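Working notes for the structure below.
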Amino acid sequence: MENIRNKDTRPMMDLVAKKVFSNTEVTAQFVRDLLDLPVTNVKILDGTQIHAKPYKELLPYVTHVDVLAELDDGTQVIIEIQVAMQVDFIKRLWLYICEQVSQNLDEYKKEGVNTHYLSQELIPVYAIAITEKSYFNDNRAIHSFSMRDDDNCEELKVKFKGIEEKRNLVKMVFLEIEKYTENTTENYKKVRWIEFFGNKPFTHEPEKIMKQADSIINPKEWTKEEKSMFDERRRDFDGYYAHLAYVREEKEQAIAEGLEQGLQQGLQQGLEQGLEQGLEQGLEQGREEGIEQGIAQERVKTISMFVDLVKEGHLTKEMGASKLNLSEQEFEKYLKSK
Numbered sequence: 019m020e021n022i023r024n025k026d027t028r029p030m031m032d033l034v035a036k037k038v039f040s041n042t043e044v045t046a047q048f049v050r051d052l053l054d055l056p057v058t059n060v061k062i063l064d065g066t067q068i069h070a071k072p073y074k075e076l077l078p079y080v081t082h083v084d085v086l087a088e089l090d091d092g093t094q095v096i097i098e099i100q101v102a103m104q105v106d107f108i109k110r111l112w113l114y115i116c117e118q119v120s121q122n123l124d125e126y127k128k129e130g131v132n133t134h135y136l137s138q139e140l141i142p143v144y145a146i147a148i149t150e151k152s153y154f155n156d157n158r159a160i161h162s163f164s165m166r167d168d169d170n171c172e173e174l175k176v177k178f179k180g181i182e183e184k185r186n187l188v189k190m191v192f193l194e195i196e197k198y199t200e201n202t203t204e205n206y207k208k209v210r211w212i213e214f215f216g217n218k219p220f221t222h223e224p225e226k227i228m229k230q231a232d233s234i235i236n237p238k239e240w241t242k243e244e245k246s247m248f249d250e251r252r253r254d255f256d257g258y259y260a261h262l263a264y265v266r267e268e269k270e271q272a273i274a275e276g277l278e279q280g281l282q283q284g285l286q287q288g289l290e291q292g293l294e295q296g297l298e299q300g301l302e303q304g305r306e307e308g309i310e311q312g313i314a315q316e317r318v319k320t321i322s323m324f325v326d327l328v329k330e331g332h333l334t335k336e337m338g339a340s341k342l343n344l345s346e347q348e349f350e351k352y353l354k355s356k
């Protein structure tokens, strides 16, 4: 049985994470630990979805929460919680950083700052991502990226207005919960946030700020309305993950059945053609036919899943067609036929 710290809550769920990051003291310590910045205070500029989508439309992709925080020196930090695996997640996070920089520059233009002097007004925008799944092909649970010299790895830092020391132009930190073990050897100031959001027991005596964060996610401290919203969200996600588990199981079964059937057909054909050559050719052909059949069956199930999501209102028809690499007209035929 999985060892969890709090069986009554889920720190990675959007409602819970938003409550955590609405607390400026907790957010300040989180940023201080992960970005190694001398943070005194933070201001939550946006504690919902920075790049918002309707929840039901968002559900199939399970991007839980984006928070935009501003430090006392003006530095902005995007914090994102990500549960389901997304191929373009890192590129999308980079896009968020670029969009935020662009929005900041637009504000300066509105204030009358001349285009030639915009670079002087530039402020740092960094990102911290907490992911449930693994994105990097190693065993490290924490990754930090910045611009560096290719030869000596020296960080590229510049002077920003109103900040004494030079800072990175860009910085992205990733916490991968799936890679966590009790023997994780990285800096515990960072690791403790993996334990917190991964709902793992703390391996060190939690400091006051971590106890404060833990009290925020305790449902006993919530209002009746918050508890009701959490229960509704949990049912939605439980249903979604159950559906994913079913699809995954059906996929494995379809490939296995197709492979077995193809191998049997190949063996029979090989015997008819004669001993060694027939067996070799039959096995290869059977394997190919089995895999093709399994893949075809999986494609049908995947289309069926997206049709269900569209009909249940979790996904738009346009998004369903896009994810299946179908035209809207082709996808419409599947909607009508089911």
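For the sequence shown, the numbering used here puts the final residue at 356, and the numbers step up evenly by one. Glycine is no exception: its CB is placed at the ideal position from the N, C-alpha and C atoms. All of these numbers come straight from a predicted model, not from anything done at the bench.
Can you grab the Cα-Cα spacing for the pair residue i / residue j, in whole Å?
i: GLU336; j: GLU346; result: 6 Å
i: PHE215; j: TYR126; result: 36 Å
i: VAL191; j: ILE96; result: 10 Å
i: ASP26; j: PHE220; result: 17 Å
i: VAL325; j: TYR352; result: 7 Å
i: ASN201; j: VAL209; result: 10 Å
i: LYS61; j: ASP90; result: 8 Å
i: TYR153; j: LYS128; result: 39 Å
i: PHE349; j: LYS242; result: 42 Å
i: LYS238; j: HIS134; result: 54 Å
i: SER355; j: ALA314; result: 18 Å
i: ASN155; j: SER162; result: 14 Å
Confirm, please, whether the CB-CB distance from residue j to residue i is below 7 Å.
i: LYS218; j: ARG23; result: yes
i: LEU123; j: LEU136; result: yes
i: VAL38; j: ILE234; result: yes
i: LEU86; j: LEU63; result: yes
i: VAL143; j: GLN118; result: yes
i: ILE357; j: ALA145; result: An answer regarding residue 357 cannot be provided, because it is not within the stretch 19 to 356 covered by the chain.
Please go through the same chain and pick out, in chain order, the residues whose beta-carbon is closer than 7 Å to the beta-carbon of residue i, but skip the five residues on each side of it.
i: GLN47; result: ILE227
i: GLY130; result: none
i: GLY338; result: PHE324, LEU327, VAL328, PHE349
i: LYS184; result: LYS175, VAL176, LYS177
Taking the alpha carbon of residue i as the reference point, which residue from the options has its own alpha carbon closest?
i: ILE273; options: SER233, LYS319, LYS245; result: LYS319
i: ALA35; options: ALA339, HIS161, LEU353, GLU98; result: GLU98
i: LYS151; options: ILE195, TRP240, LYS351, VAL143; result: ILE195
i: GLU13; options: ARG166, PHE178, ASP168; result: The shown model of the chain, from 19 to 356, leaves out residue 13, and the question about it has no answer.
i: PRO224; options: TYR206, HIS134, LYS238; result: TYR206
i: LEU316; options: GLN271, ASP168, SER246, SER164; result: The question names Leu, but residue 316 in the sequence shown is Glu. Looking at the Cα atoms, GLN271 is the closest of the given residues.
Here's a check: name, in chain order, each residue in its chain whose Cβ is nearer than 8 Å to the Cβ of residue i, leaving out the five neighbours to either side.
i: TRP211; result: PHE48, ASP51, LEU52, ILE148, LEU193
i: ASN41; result: GLN230, ALA231, ILE234
i: LYS197; result: SER152, ASN157, ARG158, ALA159
i: ASN59; result: THR42, ALA46, LEU89, ASP90
i: MET165; result: GLU173, LEU174, ASN186, LEU187, VAL188
For residue i, I'd like the list of residues in its chain whose CB is within less than 6 Å of its CB, leaving aside the five on either flank, ordered along the chain.
i: GLY92; result: ILE141, GLY180
i: LYS329; result: none
- Query: At a cut of 8 Å, does the region 182-191 reach the region 162-174 through at least three beta carbon pairs?
  - Reply: As far as the Cβ criterion goes, the region 182-191 touches the region 162-174, which means the pair count is three or higher.
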